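Everything below concerns the one structure shown next.
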Amino acid sequence: MSAVRRWLVLLGLCAFSLVFLYPFAWLVSASLKPRSDVFDNKLIPEVVTFDNYVEVWQEAPMALWLANTLIVTVLATVTATFSSALVAWAFARYRFPGRDILFGLVLASMMIPQAVTMIPTYLIWDQLGFVGTLVPLWGGNLFGSAFYIFLLRQFFLTLPRELFDAARVDGASHWQSFWRVAVPLTRPALVVTAVFEFQAAWTDLMRPLIYLRDSSTFTIPRGLKAMLDQFGFGGEWHWELIVTASVISTVPMIVLFLVAQRQIVEGIATTGTK
Amino acid sequence: MSEARGRLRNGDTRAAFLFLSPWLVGFLLWTAYPVVYTAYLSLTDYDVINDPTFVGTENYREMLTDDKVTLALGNTAIYAVLSVPFQLGVSLALALLLQRAGRARGLFRTAFFLPKMTPPVAIGVLVLLLLNGQSGLLNESLSWVGIDGPNWTTDPPWVKPGLALMSLWTIGAEIIILLAALENVPRELWEAARVDGASWWGRFRHVTLPMISGPLYFLALVDTIAAFQSFTEAYTAYFGAGNSTYGNDAALFYVIYVFQQAFEFLHMGYAAALAMLLFLVVLVVTAGQSALTRRYVFYYGDQR
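Read top to bottom, the protein sequences are chains A and C. With the numbering used here as the guide, the letters of the first sequence map in order to residues 1 to 274. With the numbering used here as the guide, the letters of the second sequence map in order to residues 1001 to 1304.
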């Protein structure tokens, strides 16, 4: 490849990167502007102020929303990762009657639209008395999640069988083979699962819309939507607060990506090319 | 001996089902039962407070005359057609560029992927802000090159193109998958084509494209199904409490309508019937695409 062409490729990549990153810069910059300047589209604010960050804390229970989101996200992540690993291990390690049919059901259940199950799911949580609480936002994860079962099974299958035959000869129980031998060797895949679920739980809007009623139980996305309903439409009100809350809801996800970038990229590449 | 092996296998089976038990319970409780119960509810009138009353196929007949069903299906189909081909095209173009980026690849990949981490609610907010007709960044940028941009968020014909355009911001996963697929194409094939005098386009058309057709069709299927179920960005931007001022019919996607019927109007039976139709549409799209896949996708050796 000629030097000219290499420079053209880099130039194109820089231009596209700018397009992809500029909305973040715009958002952060807007959150640092006074209310009247939010729409001035200048990258560098004429007046830099942190008032919006102070005010958003006073106007909305941001700390509570962040705490709720963190609780849901941590519980969702831990339960989904652990239960999916158990199930994936059963499919990867054991031969048992009906295994292929059951695994087919795992794959098939990924195709079912959420809209098809959401009404009975709501009715179940309603019967159990959990509507209005955070439980429905993570409780379903106790039972494994089809996509993660699929993902983790792929990784478990790469572990050599001899390892577990040897563990058994050494007297390891089924549980010990899983917990002491398989799980430590699958840590990268478990991290991928955890990161995916962390993002999914942190950013979910539909379930909080269905299950949460009181503002004190809101997660960050649900709270941001409530602020938009309250302050936004019509535009002349408090866009500066909405912009600021958007930044607050997004920053943890950016940090997550920067911390777990390698696992996320590998995880996505594996799911797509298999 | 055979007795001992039989016992061992029984132990294995028991252990396997113990490991499997969370999913078995979950599948019955959160998948099988809900699907069956939704099918049943679709034949009833149900408002959560009173017990469901059986009404036969009335909900389905009502759907035939409900203008909003036609509207929502049309909106969703138009959005899928507007967004998916562009998502795949741009992803592939960027993946091809990334492949030639050398050592800077990781840096650019990060830049392209970061937007994917944005919560969809925040993306809904960005739709309203960046695509605002008067003072949005997009129209300001367009004005630099002499284009007078439309009112993306208020002029009905431009609402779906605006949402589709915004969806191009979050193609990070597609780019990563296609880049990985490009990496799997054996270099010898390109070299051989080059030696044979094939142009860049010829190599792309006859070597690269067939070799990555598997992932490409996979993404087409997944993205189409996702487009049919898109909810959050459009709901955030155009629906919800306090937003009665907009003519938001243009953004009424199918799942938004199901959600409204179920949880805002408490027409659970009708919403269940709507959901069953979505189920059917997704099944047909899946079956159709896998038929296409069998016909056109080339699998390289036993790699997959």
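Using N, Cα and C, we set each Cβ at its ideal position, and we do this for glycine too. None of these values were measured; they are calculated from a predicted model.
Query                                                                                                                              : Result
Presumed contact (8 Å Cβ cut-off) between F16 (chain A) and L1094 (chain C), rounded CB distance                                   : 6 Å
Pairwise C-alpha distance: V265 (chain A) and S1213 (chain C)                                                                      : 21 Å
F82 (chain A) versus D1051 (chain C): straight-line alpha-carbon distance, rounded                                                 : 38 Å
Rounded straight-line distance, which links the Cα of L163 (chain A) to that of M1268 (chain C)                                    : 52 Å
N-terminal and C-terminal residue of the alpha helix (DSSP H) that Y1046 (chain C) is part of                                      : Careful: Y1046 (chain C) lies outside any alpha helix (DSSP H) and carries neither H nor E.
Whole-Å CB distance - P1022 (chain C) paired with L142 (chain A), under 8 Å assumed                                                : 7 Å
Selection of the region 1037 to 1056 of chain C by Cβ proximity to chain A, strictly under 8 Å                                     : Y1037, T1038, L1041 and V1048
D229 (chain A) at chain C interface by Cβ criterion, 8 Å                                                                           : yes
Where F103 (chain A) sits in the DSSP three-state scheme                                                                           : helix
Span separating the alpha-carbon of D37 (chain A) from that of Y1040 (chain C)                                                     : 54 Å
7 Å Cβ cut-off: residues of chain A touching T1110 (chain C)                                                                       : Q261
Helix, strand or coil at T1154 (chain C) [DSSP, three-state]                                                                       : coil
At least three beta-carbon pairs within less than 8 Å, the region 1067 to 1083 of chain C to the region 1247 to 1262 of chain C    : yes
Among A:L64, A:S84, A:Q58 and A:L8, the one whose alpha carbon lies nearest that of F1027 (chain C)                                : A:S84
Rounded straight-line distance, which links the Cα of R153 (chain A) to that of K1116 (chain C)                                    : 25 Å
Whether I1177 (chain C) touches P1119 (chain C) by CB criterion (8 Å)                                                              : no
Listed by chain order, chain A residues near I1176 (chain C) by CB distance under 8 Å                                              : V265, I268, A269 and G272
Entirely enclosed alpha helix (DSSP H) segments - the region 13 to 47 of chain A, minimum 4 residues                               : none
Touching by the beta-carbon criterion (3+ pairs, under 8 Å), the region 46 to 61 of chain A and the region 1144 to 1158 of chain C : no
Three-pair Cβ contact test at 8 Å for the region 147 to 161 of chain A versus the region 87 to 94 of chain A                       : yes
Straight-line Cα distance separating V78 (chain A) from W89 (chain A)                                                              : 17 Å
Strand pairing of F1054 (chain C), partner residues [DSSP]                                                                         : C:T1044
Segments assigned beta strand (DSSP E), at least 3 residues, entirely inside the region 1063 to 1133 of chain C                    : none
Nearest neighbour of L1088 (chain C), chosen from C:V1222, C:M1063 and C:L1266 [CA to CA]                                          : C:V1222
Range covered by the alpha helix (DSSP H) that runs through A1180 (chain C)                                                        : G1172 to E1183
Close beta carbons around S1042 (chain C), own chain, < 7 Å, minus the five adjacent residues each side                            : N1059, G1269, A1272, A1273 and M1276
Cross-chain neighbours of W26 (chain A) in chain D, by beta carbon under 9 Å                                                       : Of the chains in the structure shown, none is chain D; the protein chains are A and C.
Close Cβ partners of V1297 (chain C) (< 7 Å) along its chain, the five nearest in sequence each way excluded                       : S1213, G1214 and Y1217
Burial state of E197 (chain A) (16 or more Cβ within 10 Å)                                                                         : buried
Buried versus exposed call for A25 (chain A) [16 or more other C-beta atoms within 10 Å across all chains shown]                   : exposed
Contact set between T203 (chain A) and chain C, taken where Cβ atoms lie within less than 7 Å                                      : P1119 and P1120
Cutoff 8 Å: R1100 (chain C) Cβ touching any chain A Cβ                                                                             : yes
The alpha helix (DSSP H) enclosing A60 (chain A), as first and last residue numbers                                                : Per DSSP, A60 (chain A) belongs to no alpha helix (DSSP H) and is neither H nor E.
Proximal chain C residues relative to A90 (chain A), where beta-carbon distance stays under 7 Å                                    : A1016, F1019 and L1020
Contact with chain C by Q127 (chain A), beta-carbon distance below 8 Å                                                             : no
Rounded separation between I220 (chain A) and A1192 (chain C) - CA only                                                            : 54 Å
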